[in-house]
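Residue numbers (my numbering), protein chains in the order written: chain A, 1 to 419; chain B, 420 to 962.
A virtual CB, placed ideally from N, CA and C, is assigned to each residue, including glycine.
Predicted model, so just to flag it, every value in this text is computed and none were measured.
To keep things clear, I will list the structure first and then write my remarks on it.
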């Protein structure tokens, strides 16, 4: 075909421009390290990269969220450790107090030490995190959750954080969960409610669970011992009258005469009453009586009220057999109360520990995910350097060849030979 | 004999001169755009000697018409590509694009969820909300600038089209006059007219027909731009349905213009500008607006569900203007239409919100006593019936029409310019409604706000990020497609250009050979004259 001079030059120039564009594209890719610089380079990859970037960002948000959650829970855990230590210390003081050889002043000394522990526990109950927010006030973070008298002023809302796409985690516990009464399902508690001056010298043991299958949760009973004998009144949670059995499971009349070491069974629980029968008879004749309250579930008072009760018991001088019995009963109750409190704290600590473990697992999953996202994103838009460097050389050769061709063509003209 | 030899020699000398002149002209114009190579045709005279039968242009009108229309398509694609590439580049920015700013924003929400009582976390959330709003505004302003640029370019291009058509009309006239006067082909004028047609085709695609030596030029819809020695001018005027938008009009009678359907204006810079505006720019503006409006509406709705640090119910988190309502120019005097966004609605059993808002434009008209709502993107028409309070609802919009007469219409662009109005409404961190009660550590509402990030907050358009990803993919795909089409079209144009040039273009080597040929031809004829002169001298010297 006839080729016009203009076409010849135009083709040379077009070819150089094309090669330059290709060369520049590869250079840009090498400079940015990306295969997809503009969305138009690979629209589907660019759009997927936007989606993956968001997933990465969300994943990172969750990771940040876990860091905060971990901090909160760790601070809580360390406070709970100290609470555990303090309650354990109180428990060992209760054991000491139960030693019958102690004098009133020995018990006063114990009361003083327990007052110290109460201060420590109150301080721990009002611990704050690094930002000055109270740990155990629920959602209300800016006022101390426990008053000087031990009353709880916080709320019962646990704060949640989204620590993974499908996991909202409670990142705090409320003061009532930790320092409050016995949680449902914990041990039952018996408490002597009559004043020691008017009490019979009877001590109790228990209640113990003897048959969990017949127990009804949430029931409350009172055991009255007076001149007529021992009477148990109350109904279970379903409103049924109590059936009281003796140690062998035989039904007992009501009231039943007191005898030392008698066992009462009701609602799957058993209690043992002890006391010198002669002394009890005399006291009964004087009109004295004893009342025991058996509490289950959340009915019992919080840690601070229990401490106050214990301190009062320790500070009260023992002047009679009845005083001694009342004191023994108080110590027995306190021992059970603090065992329950410790259970509460340990339950919360276990929950905190479980959550910290879960956060660790979620971190590992999150890190894996991040790796996947990063590698997918890289596959989508990042440059394969080997390929790019080879393209770089190739386009360079192409550009040089087109320049050489242009230069040769422009140097060839018939006019050059016409002299 | 000697005298006829002399005259033969002279005729040869003249033919050689003409050939050399034509040859020089070809060499001189070898790079002149639109110039067609000329060739000399000689014929022998019955009385002896040679005469120049004709000098003709070497052209193939079929090829050059094909080339013109290929160039028209190339130019349209070039214009579209140059413009859409700017949006493509805008979206390419990994650091300053919208996606990273949305991610930062939701990251800052997470910060407040972790530390609801920390003023620093709240301030940081406000800061990132401001950056996000700033970037959405800047993106929108960039698109608005492109829109204004299209409007002003349309004016320039239409001016150039009018110049080209008046030039063609005037060349039509000159060519017929010259033909009539000299009986010869006015080669230069023909070249100029062809070039004017080529120029016109790069401005807008036209149909060209030759009749009695004159060219008539018409648009795709058959409207004549050049008819003999007169031309019809185009103009740019505001769209009667949307005064902010320029449309191309055709003068049907003096002082009477009618808008040309944009589908009929294909090819050339004009076609490229119009297709860029309709297919790329306006949809991008609408989608950006849909994102901004969706963010504002869902956020405000969820925010109002919460309580701020001062114990007050959450106010608006973002501000958002109202949908654009454009009355048609012929509406009755009292006709009014108010359109507002319907508040985002709560989805059952979930704490995220969804809006029925789309990125489409609508036209509400009163026809035969009923309100018709046309979706301008899909063409779907629906009848709307006002409720007892005179309010109509559709597509996440609330319409209140007043005083509309039959035939009145309003164009509604809910999201076209809404991204401009997207701003942060609150200025104090304490006003962030993070809680659902007024406890300082309550973070329940901020958790709900956070979950908006991954919820299908934009209804069928998915999450905010899904929507943005689809915008990226759409612009990327369109750019890619225009680039591929442009490459193909340029390849075709180059081939046609080479084919056309192979006929009408000059080749310097060929001309150099001809130069030698005609030089020798000239010298030979001069030799004939010299010989004749010698012969005559011989006779005259006999005595």
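In chain order, 179, 341 place their CB closer than 6 Å to the CB of residue 303(A), counting only its own chain and leaving out the 5 sequence neighbours on each side. Within the same chain, Cβ atoms closer than 6 Å to the Cβ of residue 494(B) are found at 621, 687, 688, the five residues on either side in sequence being excluded. Under the three-state reduction of DSSP output, residue 288(A) falls in the coil class, being neither helix nor strand. Comparing C-alpha distances from residue 19(A) to each of 407(A), 398(A), 408(A) shows the shortest one belongs to 398(A). Looking at the backbone, the Cα of residue 377(A) and that of residue 53(A) are separated by about 8 Å.
For residue 630(B), the three-state secondary structure derived from DSSP is strand. Rounded to the nearest whole angstrom, the CA to CA distance from residue 58(A) to residue 389(A) is 35 Å. According to the DSSP assignment, residue 657(B) belongs to the beta strand (DSSP E) that extends over 653–658. The C-beta distance from residue 644(B) to residue 616(B) rounds to 11 Å, too long to fall under 8 Å, and the pair is not in contact. A contact between stretches requires three or more CB pairs, one per stretch, nearer than 8 Å, and the region 580–591 of chain B meets this requirement with the region 645–656 of chain B. In the three-state reduction of the DSSP assignment, residue 887(B) falls in the helix class, which pools H, G and I. When secondary structure is reduced to three states using DSSP, residue 922(B) falls in the helix class. For residue 205(A), the enclosing beta strand (DSSP E) stretches over residues 203–209. Neighbours of residue 459(B) in chain A, taken as residues whose beta carbon is under 8 Å from its own, are absent, since the nearest beta carbon is some 18 Å off.
Within the region 131–144 of chain A, 131, 133, 137, 138, 139, 140, 141, 142 place their CB atoms closer than 8 Å to a CB of chain B, listed in sequence order. At a cut-off of 9 Å between beta carbons, residue 415(A) contacts chain B. With respect to chain B, the C-beta atom of residue 348(A) has no partner C-beta closer than 9 Å.
If you draw a 10 Å sphere on the C-beta of residue 613(B), you find 16 or more other C-beta atoms in it, and that means buried.
At a cut-off of 9 Å between C-beta atoms, residue 324(A) does not count as an interface residue with respect to chain B.
For residue 934(B), at least one C-beta of chain A is nearer than 9 Å to its own C-beta. Of the candidates 619(B), 632(B), 585(B), 632(B) places its Cα closest to the Cα of residue 605(B). Proximity of residue 554(B) to chain A, defined by a Cβ-Cβ separation below 9 Å, is not satisfied. One Cα belongs to residue 908(B), the other to residue 496(B), and the distance between them is close to 8 Å.
Straight-line measurement puts the Cα of residue 886(B) at about 44 Å from the Cα of residue 348(A). When DSSP states are grouped into helix, strand and coil, residue 146(A) belongs to the strand group.
The beta carbon of residue 1(A) sits closer than 9 Å to some beta carbon of chain B.
Residues of chain B with a Cβ closer than 8 Å to the Cβ of residue 14(A) are, in chain order, 913. Under the Cβ distance rule, residue 565(B) does not count among the residues neighbouring chain A, no pair being separated by less than 9 Å. Residue 842(B) is bridged by DSSP to 738(B). Among the residues of chain A, none has a CB under 8 Å from the CB of residue 617(B); the nearest is roughly 14 Å distant. In the structure shown, the three-state DSSP call for residue 368(A) is helix. Nearest CB-CB separation between residue 439(B) and chain A: not below the 9 Å threshold. Ranking 529(B), 537(B), 548(B) by CA distance to the CA of residue 845(B) puts 548(B) first. Here residue 323(A) is near residue 317(A), since their CB atoms are less than 9 Å apart. DSSP places residue 12(A) inside the alpha helix (DSSP H), whose first and last residues are 5–32. None of the residues of the region 835–852 of chain B has a beta carbon lying less than 9 Å from any beta carbon of chain A.
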